[in-house]
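Structure record follows, encoded as structure tokens.
Protein chains in written order, with this note's numbering: chain A, 993 to 1500; chain B, 3 to 295.
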């Protein structure tokens, strides 16, 4: 039983007792008022005084007990409850499922090792996971985040995937003084000096993502001056588009097309691509989530369009899904962010190296992890270390412990560097890579920054005669590969398929 | 210029699809004076069925019409008898239908969430080969052209039903004057039930193609289709099924051009035109003809 729960119970019983006594006291006066006479009045007063003393004594005893339990932490705490949400369906279902799978992998691994050491309990405690399905709905998420805090009394609150589904949690966590462990939400607006109840664990704050990309495009100014930027009107993607736009404009490259959209289908992207095509861009950058990227590539294919440079976020983050659900050849020469597992970290001081994790995950599930699997696992690693460093489940102490880890911790996802005032993540950089076709499949080649590059970019991208649809997509709808909501707690469903070709890795 | 032509061609194809999407709604209003606010939900259900047929049996959506249309026609007939006659006995059938179908739409959306989840689903363009066609020097997905062609065929079929069949004649009689039609021996329930069945079937047929040319299918997208359909029939003329085509052309061109030139305005401009039409011609662009069947 978490200490907070125990305390609440004691206080609650006292309050009930007090209310009962008070109600009786008030009731007795109302129903049977003093009948008059000095003797009767004195008798009544003395009885009331005794009741009042008893109530005060009970309250003091309850308070002292609660204080002692809090101080020592040696309550009936038998486990550490981790609460999170997942999207069983909707536009974030895939990514959310991947993140949850990574987190569950860490929980299972930790429990297999006896749990997490909690100094205040004086022993290792197992982790207990509580989840609710928000169905990609922010309204549902709002209710369920509140339930996790007020009904389940979770010790550790972890947000669902991405900025959209994390947004409702930020204010709720702050209101309840509960630290929000944020695996993959990176909207800059979440992180302020006035809110100490959030910490970004596994993802660079989104406004910083395209910095390396912007430098790369600027470095190619002799070839690329006409840039088209299309972005989804969500915090995560808008922040990236704004950063890229500002950086390019400052370097004298004013995008010829800069457009937000709420498009999610190939049909909607088709008309947007017509507009983009009319601007004759030398580079097209589409900032969206996985479903947007899939629709974008479907529309490119259906409209028979080809651009010399195409960048999307999820080509790299969820390669296997994109490769499976887009027409064959769509990802050829596509640019994307370079992140684990394509980028591998070997000099880690917390948890396994990237390659070691990839191996253990692959042997567990039969296919390699993707970025969001790793982000979920990485969040777990850092949560565990934060709890052990704090030595208690006090939410303020947990945030201070996270700050202590900042700057001196490197995990399979890279350096963990927090803005210790706001909780934003400044480590885990996003470089630029391009998928280049080989005889054995697509090869991810890191192309920028040059000192870390594993190859050079192919520009302009050769036009590829596309077959018109991947085998999986020809006879079925776009979302066919999405796991059904009923199977969402099945970890196996969240594993990604292995890469089409051996991954060319870069070690830091 | 190329972009302008692209927008023209795209809007033309949209117009055909939107006509099909809204046609059933206007048919029901014209015959029964009831507003089916669950129209979009029936469209979504048709879409889910077509997608399921594509997944499990590899059905092309054109082929799936052979299942979708009869099935939803039957559903329409079955729903008619417990719902519509009661509404028409009420003091204000239009308002009562508004409220009743508002509830039906919520119930259907909830059921869709239960059965299909909130996932976006869509047909794959690759179901049609070649993938794209050249139309007036504009390259468009073949799926859009097929969608438009099926829509035009459905509109022609409705026209032939209304103007070339005995039941169609009775349907038009009901649209013009219900009491006189009844006095002349028209079986109101039979004619209305068939019209209601057609309406639901047309919505479901539109749904079979909706994810190919407009929004991806999800439980909540039904409201959007109801709203678009409602706007189209108001622009054209309430109660006149064939005025729907004109309403759809106006709506589609407003939507198509803004979608290409000002994407963020594409969901606003068509409704500004709707307001303008209501202010200028409250009866709709073909409003007078609505009573001249």
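Using N, Cα and C, we set each Cβ at its ideal position, and we do this for glycine too. Computed from a predicted model, the values in this text were never measured in an experiment.
The Cβ-Cβ distance between residue 286 of chain B and residue 245 of chain B falls below 8 Å.
Here the alpha carbons of residue 1332 of chain A and residue 10 of chain B stand approximately 45 Å from one another. Taking a C-beta cut-off of 8 Å against chain B, the contacting residues of the segment 1311-1341 of chain A are 1319, listed in chain order.
When DSSP states are grouped into helix, strand and coil, residue 32 of chain B belongs to the helix group. Under the three-state reduction of DSSP output, residue 240 of chain B falls in the coil class, being neither helix nor strand.
Bounds of any alpha helix (DSSP H) do not take in residue 1251 of chain A; it lies within the beta strand (DSSP E) bounded by 1249-1253. Annotation for residue 1228 of chain A: the continuous alpha helix (DSSP H) segment containing it runs 1227-1242. Within the segment 206-221 of chain B, 213, 214, 215, 216, 217 and 218 place their CB atoms closer than 7 Å to a CB of chain A, listed in sequence order. Look at residue 1224 of chain A: its C-beta is not under 8 Å from any C-beta on chain B.
The beta carbon of residue 205 of chain B sits closer than 6 Å to the beta carbons of 26, 41, 44 and 45 from its chain, once the five residues preceding and following it are set aside; these are given in chain order. In terms of CA proximity to residue 1203 of chain A, A/1233 leads the group A/1268, A/1189, A/1233 and A/1260. With contacts defined by Cβ atoms closer than 8 Å, residue 197 of chain B and residue 30 of chain B form a contacting pair. For residue 233 of chain B, no Cβ of chain A is located within less than 8 Å of the residue's own Cβ. In the same chain as residue 184 of chain B, and ignoring 5 residues on each side of it, the C-beta atoms closer than 7 Å to its own belong to 190, in chain order.
In the displayed model, residue 1420 of chain A falls within coil according to three-state DSSP, outside both helix and strand.
With a threshold of 8 Å between beta carbons, residue 167 of chain B makes no contact with chain A.
Interface residue (Cβ-Cβ distance to chain B less than 8 Å): residue 1256 of chain A is classified as such. Cβ contact annotation for residue 1449 of chain A (same chain, cutoff 7 Å, sequence separation greater than five): 1426 and 1439, in chain order. In this structure, residue 1280 of chain A lies away from residue 1289 of chain A, with their beta-carbon atoms at least 8 Å apart. Burial check for residue 116 of chain B: the Cβ neighbour count within 10 Å stays below 16, so the residue is exposed. Between residue 1445 of chain A and the set A/1451, A/1222, A/1408 and A/1436, the nearest pair of CA atoms involves A/1436. The Cβ of residue 133 of chain B sits closer than 8 Å to at least one Cβ of chain A.
In this chain, the alpha helix (DSSP H) harbouring residue 184 of chain B covers 180-185. Around the CB of residue 1039 of chain A, fewer than 16 other CB atoms lie within 10 Å, so the residue is classed as exposed. For residue 207 of chain B, the enclosing alpha helix (DSSP H) has its first and last residue at 190-215.
The secondary-structure analysis by DSSP pairs residue 1109 of chain A across a beta bridge with A/1116. Here the C-alpha atom of residue 1109 of chain A lies approximately 49 Å from the C-alpha atom of residue 1210 of chain A.
By the neighbour-count criterion, in which a residue is buried when 16 or more other Cβ atoms sit within 10 angstroms of its Cβ, residue 210 of chain B is buried.
Within its own chain, the residues whose Cβ lies closer than 6 Å to the Cβ of residue 1188 of chain A, once the five positions on either side in sequence are excluded, are 1391, listed in chain order. In this structure, residue 1078 of chain A lies away from residue 1094 of chain A, with their beta-carbon atoms at least 8 Å apart. Note: residue 1039 of chain A is not bridge-paired with any residue in the DSSP secondary-structure output.
If the five residues before and after residue 86 of chain B are omitted, its C-beta is found closer than 7 Å to the C-beta atoms of 34, 36, 194 and 198, all from its own chain and listed in chain order.
In summary, residue 1161 of chain A is buried, with 16 or more beta-carbon neighbours lying within 10 Å of its beta-carbon over all protein chains present.
Annotation: the continuous alpha helix (DSSP H) that includes residue 258 of chain B extends over 245-263.
Neighbours of residue 143 of chain B in chain A, taken as residues whose beta carbon is under 7 Å from its own, are 1262, 1294 and 1295 in chain order. Of the residues assessed, residue 1213 of chain A falls on the exposed side of the cut-off, its CB having fewer than 16 other CB atoms within 10 angstroms.
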